Amino acid sequence: MLNASGLAFIAAGSRWAQPDGQIMFLFILAMAAAEVSVGLAFVLLYHKKQLALDVDAASELRG
Amino acid sequence: MTPFFYLAGSVAIIATLLAVTRRHAVHALLYLIVSLLAVAAVFFVLGAPFVAALEIMIYAGAIMVLFVFVVMMLNLAVHAMEVEREWLKPKNWIGPALLALVLLAELIFCLSSFPDTPTAASIVDPKQVGTALFGSYWLGVEIASLLLMAGLVGGFHLGRHAIAGEEKQHVTHTDATRIDSRGDLVHAGSRGTSHAA
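As given, the protein sequences belong to chains X and V, one line each in that order. Going left to right, the first sequence walks through residues 160 to 222 as this note's numbering numbers them. Going left to right, the second sequence walks through residues 900 to 1096 as this note's numbering numbers them.
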């Protein structure tokens, strides 16, 4: 989804031959990288608790 | 140039469709990587070589590789096969898919009501992007570096105890509990595999 919105930004920036679209995509990329690293750290932590990665069982964020 | 755009675009769409319908997590991730490479080709056609290279290097080369590493390390694909078979049944995804189809029809209608097809006016090369990035958007660069630092510290803190606990668990859980996990739906795939810790 982030990639798709970035594609829209690049297309808009290319329409008027301005670098602003590419700059926005750069920020989206940085945000996606930070989000993925924290999200996967959560997955690792949750996997340590129980081997089953069942989203329905993860109803509270504590621990 | 235009046939390149349509070809890369159709590859991206088909790869993404295949990615969301796979039951095996690693297959889905590989299709997603193909989709990202196709979008990078679209960026090249649109005259944005800088972000095309960045997309390959960072998105497909770092973020997706991180995903693949985590899925392979925790053996998530095997554990999730039964759950995915249940989740991919039509009754689970038909609702959001219909609503998204309405939005897609809206988008196509809006796009087709403009008769001109704009092609890339000119190539925006990295030098222009760099000048604008450190000229007018320097504040965004600083905030992005703050965000990355927050992500780094958060990832390090959350993952610090996880790895040690994971290794201990693999040693104690694999051989001793393999007999007990016969009726367990989630452990169904781990019977044939042996985790050599």
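In this text, a Cβ means the ideal position worked out from N, Cα and C, and glycines have one as well. No experiment lies behind these values; they were computed from the predicted model shown.
The beta carbon of V:TYR1036 sits closer than 7 angstroms to some beta carbon of chain X. Cβ neighbours of V:ILE1022 within its own chain (closer than 7 angstroms, five residues either side excluded): GLY946 and PRO948.
Around the CB of V:ALA1049, fewer than 16 other CB atoms lie within 10 Å, so the residue is classed as exposed. Using a Cβ-Cβ cut-off of 7 angstroms, V:ALA947 counts as an interface residue toward chain X, since at least one Cβ of chain X sits closer than that to its own.
Near chain X, meaning a CB-to-CB distance below 8 angstroms, the residues of the segment 940-965 of chain V are VAL941, PHE942, LEU945, GLY946, ALA947, PHE949, VAL950, LEU953, GLU954, ILE957, TYR958, ALA961, ILE962 and LEU965.
Interface with chain X (7 angstroms Cβ-Cβ cutoff): V:SER1021 is included. DSSP places V:TYR1036 outside both helix and strand once states are collapsed to three, so it counts as coil. For the pair V:LYS1026 and V:VAL925, the Cα-to-Cα distance works out to about 37 angstroms. Note on geometry: alpha-carbon atoms of V:HIS923 and V:VAL977 lie some 7 angstroms from one another. Look at the segment 186-199 of chain X: the residues with a C-beta under 7 angstroms from a C-beta of chain V are PHE186, LEU188, ALA189, MET190, ALA191, ALA192, ALA193, VAL195, SER196, VAL197 and LEU199. At least one C-beta of chain X is nearer than 7 angstroms to the C-beta of V:ALA1031.
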